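Written out below as structure tokens is the structure these notes cover.
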Amino acid sequence: MADRLTDADYEIAPVLPAILASRDLNHGIESLAVSPDGAFLYALMQGALANPGKKAADSSPLARLIKLDRKTGAVVGSYAYRASAPGDFKADAGEKTLEQSDVKMSEMVAVGEDRLLVLERIDKTTKLFLVDLAGAVPLPRGIDTASTSPTLEQLAPKDFARNGVTPLAKTLILDSDRLKGLPAKIEGVAVLNDRELVLISDSDFGIKNDTTQMRRVRFDQPVLK
253 MADRLTDADY EIAPVLPAIL ASRDLNHGIE SLAVSPDGAF LYALMQGALA NPGKKAADSS
313 PLARLIKLDR KTGAVVGSYA YRASAPGDFK ADAGEKTLEQ SDVKMSEMVA VGEDRLLVLE
373 RIDKTTKLFL VDLAGAVPLP RGIDTASTSP TLEQLAPKDF ARNGVTPLAK TLILDSDRLK
433 GLPAKIEGVA VLNDRELVLI SDSDFGIKND TTQMRRVRFD QPVLK
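For any residue, its number in our numbering is found by taking its place in the sequence shown, counting from 1, and adding 252.
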């Protein structure tokens, strides 16, 4: 990869796992978050890798979540984030046939050390989940060696455990299908405090005359901590 960037006029730090180069087209790292103390960077792929090919990317629910030490660039942990089933996105599922790769992770905010708010979406439905890396099981060390078969992305859910794969536990805190007045294509979120956030939609450059919209959401309980 480094030889493709020899003309870059900025510093290149080869710190990401090489396996991420197998990203599916337009499904790279879309979510970045920094821990409150600034010590760690979290990166989440938009979807599953094309590992070993497109078929795996289209069918696997597992996306890579990487934790890096910001000072050294070292990978502290690599985890499997399991995206929700496409049928769970009711407003989208009622309109067309969906596949797993239609579900995308488009935003992530650190609300505490190793506590992350993750945004999953298709087009009309958006879901927010809280994820806690404390006590989470990292991916097995040998999962990405060339000789490993099947790959992580080829594993069926029933085979996760016997291959040492434990997807991150997550807690649903918002489902746009259950709320009125929210726009489609919500792809951004800003946390105001432990019970308030702002949701932001993507206008896609206004190609279909869409505009960027913001909605403030308040929870009855302090869930964002």
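Think of the CB as a built atom: it goes at the ideal place given N, C-alpha and C, for glycine as much as any other residue.
Since the structure is predicted, the reported quantities are computational estimates derived from the model, not experimental observations.
Worksheet entry | Range of the contiguous beta strand (DSSP E) that encloses A362 | On the sequence shown, position 110 is the one that residue 362 refers to. K356 to G364 is the extent of the beta strand (DSSP E) around A362.
Fill in: For S283, three-class secondary structure by DSSP
To locate residue 283, count along the sequence shown from 1; it is residue 31. If DSSP states are grouped into helix, strand and coil, S283 belongs with the strands.
Worksheet item: Whose C-alpha, out of S453, F381 and T377, is nearest the C-alpha of R467?
Response: Sequence index remark: in the sequence shown, residue 467 carries index 215 (1-based). Comparing Cα positions, the closest option is S453.
Discussion item. So, under 8 Å CB-CB, A421 and E372 are touching, yes? Tell me the CB distance rounded to an integer number of Å.
Written reply: Position 169 of the sequence shown holds residue 421. Position 120 of the sequence shown holds residue 372. The pair is not a contact, with the Cβ atoms about 15 Å apart (cut-off 8 Å).
Discussion item. Could you check whether the segment 320-331 touches the segment 350-359, counting it as contact only if at least three pairs of C-beta atoms, one from each stretch, sit closer than 8 Å?
Written reply: no
Worksheet item: So, is T377 buried or exposed, given that buried needs 16 or more other C-beta atoms within 10 angstroms?
Response: The count along the sequence shown starts at 1 and reaches residue 377 at position 125. Classification for T377: buried.
Worksheet item: Looking only at DSSP bridge pairs, what is N415 linked to?
Response: For the purposes of this step, residue 415 is taken as residue 163 along the sequence shown, with counting starting at 1. As computed with DSSP, N415 is found in no beta bridge at all.
Practice prompt. Could you spell out where the beta strand (DSSP E) holding K422 opens and where it closes?
Written response: Along the sequence shown, one-based indexing puts residue 422 at 170. Going by DSSP, K422 is part of the beta strand (DSSP E) stretching over K422 to D427.
Worksheet item: Ordered along the chain, which non-local residues of its own chain (more than five positions away) have a Cβ less than 7 Å from that of G364?
Response: Counting from 1 along the sequence shown, the entry for residue 364 is found at position 112. If we look at G364 and ignore the five residues flanking it on each side, its Cβ neighbours are P288 and K477.
Worksheet item: Hey, how far is the Cα of L455 from the Cα of S399?
Response: By one-based count along the sequence shown, residue 455 stands at place 203. By one-based count along the sequence shown, residue 399 stands at place 147. Checking the sequence, you will find Ser at residue 455 rather than Leu. Those two C-alpha atoms are separated by around 43 Å.
Worksheet item: How would you call P435, buried or exposed, if buried means at least 16 neighbouring beta carbons within 10 angstroms?
Response: Walking along the sequence shown from the start, residue 435 turns up at place 183. Burial call: buried.
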